[in-house]
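In my numbering, the protein residues as written are 4 to 76.
Where is the CB? At the ideal position from N, CA and C, for every residue including glycine.
Some notes on the structure that comes next.
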């Protein structure tokens with residue numbers, strides 16, 4: 004069970020990383036603000052905590068804060 008959970012968390016991290024690479028793009032139909040930015044960073048933070056990668060999780064928490072600051076102007 005734990006091996007499967009680790010594989011699923013790794014897959015989730017990869018997918019959220021793709022979202023960050025794409026970024027937020029309001030020109031796309033059905034875009035959810037933040038999905039390619041601060042929300043992706045937040046979800047990746049949780050995933051990396053689950054994988055026991057505290058340093059990576061901290062980096063993503065900082066990225067989330069920075070993206071939120073940029074969004075609020």
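Sequence-distant residues of its chain with Cβ nearer than 6 Å to residue 19 (five each side left out): 43, 46, 47
Cβ neighbours of residue 26 in the same chain (closer than 7 Å, five flanking residues each side left out): 39, 40
Nearest CA to the CA of residue 9: which residue from 68, 74, 49? 49
Quick one: what does DSSP say residue 92 is sitting in, helix, strand or coil? Coverage of the chain is limited to positions 4 through 76, which leaves residue 92 absent and any answer about it impossible.
In chain order, each alpha helix (DSSP H) run of at least 4 residues that lies wholly inside the region 20-66: 41-53
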